[in-house]
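No gaps in the numbering here: position 460 of the sequence shown is 460 in full-length UniProt numbering, and each next residue is one more.
Idealized CB from N, CA, C, for every residue including glycine.
Computed from a prediction, not measured in an experiment: that's the story for all the values here.
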Amino acid sequence: MAVAKKRQVVNGDANYSPVNSGRSSIQTVDSKQAIFESGSTVTGDTKLELKKQMNLFHCVSIIIGIIIGAGIFVSPVGITVHVRSVGMSIVMWCIAGVFSMLCALCYAELGACLPESGGEYIYIKRAWGDFAAFMCLWMNFIIINPVCVAASSLVFATYIIRPVFPNCEPPEAAVRLLAALIIAAIVGLNCYNVNLVTKLQVVITASKLIALLVIIVIGFYWLAKGNVENFQDTFAGSDYSAGAISIAFYSGFWAFGGWSYLNFLTEEVINPNRNLPLGIMISITGVTLIYILANIAYFAVLTPLELLQSSAVAVTFLERTVGLLSYVVPSLIAVSVIGGINGSVLSMSRLFYVAAGNNHLPYIISMITVKNLTPTPSLISMLVLVIIMQSLGNIFFLIEMLGFSLSIVLTLVFGGQVLMRYTEPDLIRPIKIPWLLPAFLCCVSASLIVITVYQKPWESGIA
């Protein structure tokens, strides 16, 4: 464990301090490299660390808040357009949920035995070494996180602006400007106070669950009235090809994105050995059930063709059922998307903060504010990259590029998990799963990489 030096700040409070985030949650501060406001000087020793302030309720709220976002309002189209039937669409949602659950079980083991913030970056570094971790980090830093947040922010902006332009498409410049503004606001909030962010996440999570509950209740009411035409011969016209299933899977898997993010916050979770796996399991189970019910509700009202022609599935759904509520839906969707963006920013900023402490990113990103104990430089770097990625446009192009990158990372994570069973058999594992599970997930992820290169060479080439 690194020896933490205690410091005293003279002539003002310290603004930033660099953090050595390597092997210990105790953070070492080097007074020669610290940055201070008002020309402050330093003597003595101190230690800084991220504060443990997230209980099980916060963990569940954060994960559900991250997962339930833009995906449930976009991915039904991305899945149905490839598999071409109601039955296969529902099956793909089940597959995406089960796969996410199995992945979450593996991550629970890794998070419990390697309780450091940083998620898969830490796991790959431990199993494969610095170079593989470096490559994983830069994929997250340049592609995975910015693309995911950029896509969600564009969905938010579109749903907010569209009511202002009821007879035409909203101006692209206005959409991108609003998307950039919401990202800036969320990043600013995360820089200010983590506890405030977690409380906000609880409120947002409750709001989006209410919105989805309304959709589910209305959909099942229509089913009870006898509107079951779309559930007769539900697999007619299905495309069972490996390519169609793989690309459709990416849309479903994107909708579940966020199940791993709690592992990035391990150092801030109270009693992580208990709350980490419980938070993941409760969240994934609940979200899978909600998604399946929501999609059944969609198909109780909309035919597959109507769903494919809709750029806003929930809006079309409510226009067909309860017209007055269709004016409220854009705001509800916006709140839902904000929750996903907020959770992603909160979690991924910790990954970059830890990686910079290992010299895999510019050193300034490893600094935290002394006053608020938040990784502000990491958050600001995320803001810049997300705004750049917003210019790429097409959301399904972003999803496919994102899915390919995630498959590479997951292959390394699960392969490394199997490898560590042999290289580190004595590693204490508070949670232990059969090694066949990560081996199976490694093979599935590797297969997705191969199929995507064949089906989508342009997207995979960019990634």
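Nearest-angstrom Cβ-Cβ length linking residue i and residue j, presumed shorter than 8 Å
i: I161; j: P170; result: 4 Å
i: L351; j: Y121; result: 6 Å
i: A112; j: N273; result: 5 Å
i: Y291; j: I72; result: 6 Å
i: V149; j: L307; result: With a Cβ gap of about 26 Å, V149 and L307 do not count as contacting.
i: G97; j: K208; result: No, G97 and K208 are not in contact; Cβ-Cβ is about 17 Å, not under 8 Å.
i: L437; j: C106; result: 6 Å
i: S238; j: M88; result: 4 Å
i: T452; j: S391; result: Wrong, their Cβ atoms sit about 23 Å apart, outside the cutoff.
i: S85; j: T234; result: 6 Å
i: I280; j: A439; result: Actually they do not touch by this definition, with Cβ atoms about 20 Å apart.
C-beta atoms of residue i and residue j nearer than 7 Å
i: V386; j: F156; result: no
i: I79; j: A248; result: yes
i: I204; j: G65; result: yes
i: I144; j: N342; result: no
i: L379; j: C191; result: yes
i: G119; j: S260; result: yes
i: H82; j: A244; result: yes
i: L102; j: L441; result: yes
i: L114; j: L278; result: no
i: I62; j: V287; result: no
i: L181; j: A300; result: no
i: S75; j: A255; result: yes
i: M389; j: P146; result: yes
i: L448; j: S246; result: yes
i: H360; j: F141; result: no
i: G219; j: A297; result: yes
i: A356; j: I365; result: yes
i: M92; j: G323; result: no
i: N372; j: N193; result: yes
Within-7 Å CB hit, residue i to chain B
i: V450; result: Protein chains in the displayed structure number just one, and chain B is not present.
Top-ranked residue by Cα proximity to residue i, from the options
i: L302; options: I215, I245 and H360; result: I215
i: residue 464; options: S381, S347, M348 and G219; result: The structure shown does not extend to residue 464, since the chain is modelled only from 1 to 463, so the question has no answer here.
i: T374; options: V354, N359, H360 and L392; result: V354
i: Q417; options: E109, I90 and V86; result: E109
i: W128; options: Q455, R421, S445 and I431; result: R421
i: S283; options: G323, A334, P330 and S100; result: S100
i: T285; options: I95, P425, S153 and M54; result: I95
i: G461; options: L154, F404, F131 and A334; result: F404
i: Y221; options: A439, M367, L318 and F141; result: L318
i: N358; options: V86, M88, R126 and M389; result: R126
i: E268; options: K371, S347 and I365; result: S347
i: A174; options: S85, I449, A255 and L154; result: L154
i: Q455; options: V328, I428, F134 and M401; result: M401
i: P330; options: F165, I142, F131 and I368; result: F165
i: G257; options: I218, N230, R320 and A151; result: A151
i: I333; options: A206, Y123, E116 and V91; result: A206
i: V328; options: M139, L305 and Y159; result: Y159
i: L189; options: V444, T376, L178 and W458; result: T376
i: I399; options: W458, V335 and G415; result: W458
i: L137; options: V335, S349 and F396; result: S349
i: L213; options: M54, I124, L177 and L289; result: L289
i: C443; options: E116, G415 and R176; result: G415
Unbroken beta strand (DSSP E) run spanning residue i, endpoints
i: I368; result: M367 to T369
Endpoints, the alpha helix (DSSP H) within which residue i is located
i: E172; result: E172 to Y192
i: S445; result: L436 to Q455
i: F99; result: V86 to C113
i: P377; result: T376 to M389
i: S238; result: No alpha helix (DSSP H) contains S238, which DSSP labels as neither H nor E.
i: L402; result: I395 to T423
(message) Threshold first: 4 residues or longer. Then list the alpha helix (DSSP H) segments lying entirely within the region 54-80, N to C.
(response) Counting only runs of 4 or more residues that sit fully inside the region 54-80, the alpha helix (DSSP H) segments are 56-67, in chain order.
(request) Please specify which runs of the alpha helix (DSSP H), each continuous and at least 4 residues long, are wholly inside the region 123-153, giving them in chain order. (result) The region 123-153 contains these whole alpha helix (DSSP H) runs: 130-139.
(message) Quick check for students: name the residue ranges of the alpha helix (DSSP H) that lie wholly in the region 242-330, counting only runs of 4 or more.
(response) Within the region 242-330, the complete alpha helix (DSSP H) segments of 4 residues or longer fall at 242-255, 272-301, 304-308 and 313-321, listed in chain order.
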